[in-house]
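Given below as structure tokens:
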């Protein structure tokens, strides 16, 4: 059962930045990386998961969806965020709310893009990414067998 502690959690993000960032092994998912900073069981968070993601110059986080809504706060750089087929230019200081199950992705041009992400979920492990390109491949395989 999750703790209902009301103690604050303070994380020195500079101390975390030396850790190897996480990334997807499958290159079709994009080359964005991330450091999850707030997520149970690593922290005592019972309702939020948060971290910092980076998309390199000319990089991407491929189109995907997950059940949870998500918030991006752009910390540095510029790029585009696509949500449900519409692309939006984003830059430092922009806040983006992405509804749950909305298809979305991040696309960078000449700038690296760095953003804070927040999920209303206690653990990053509970977030199931469903990448659009992979779902399409499975659908195509099923159709070919019919």
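Numbering (our numbering), first residue to last: 1 to 146. Glycine included, each C-beta is placed from N, C-alpha and C at the ideal position.
Straight-line Cα distance separating residue j from residue i
| i | j | result |
| --- | --- | --- |
| residue 124 | residue 101 | 16 angstroms |
| residue 50 | residue 56 | 20 angstroms |
| residue 140 | residue 16 | Caution is warranted here: a pLDDT of 49 is assigned to residue 140, below 50, making its placement in the model unreliable, and the coordinate value is therefore given only provisionally. So the alpha carbons of these two residues sit roughly 41 angstroms apart. |
| residue 40 | residue 78 | 30 angstroms |
| residue 9 | residue 121 | 16 angstroms |
Cβ neighbour criterion (16 or more within 10 Å) applied to residue i
| i | result |
| --- | --- |
| residue 143 | For residue 143, the pLDDT reaches just 47, beneath the cut-off of 50, and the residue's location in the model is therefore unreliable, leaving the point undetermined. |
| residue 42 | exposed |
| residue 54 | buried |
| residue 109 | exposed |
| residue 149 | The structure shown does not extend to residue 149, since the chain spans only 1 to 146, so no value can be given for it. |
Residue i: first and last residue of the uninterrupted alpha helix (DSSP H) it sits in
| i | result |
| --- | --- |
| residue 13 | 13-16 |
The ligand MN heavy atom lying under 8 angstroms from the CB of residue i
| i | result |
| --- | --- |
| residue 73 | Among the components of this structure there are no ligands whatsoever, and the ligand MN is therefore not found. |
Element boundaries [beta strand (DSSP E), containing residue i]
| i | result |
| --- | --- |
| residue 119 | 113-119 |
| residue 72 | 70-83 |
| residue 48 | Note, residue 48: premise wrong, no beta strand (DSSP E); not H, not E. |
Inter-residue CB distance, residue i and residue j (contact presumed, cutoff 8 angstroms)
| i | j | result |
| --- | --- | --- |
| residue 72 | residue 96 | 4 angstroms |
| residue 104 | residue 82 | 6 angstroms |
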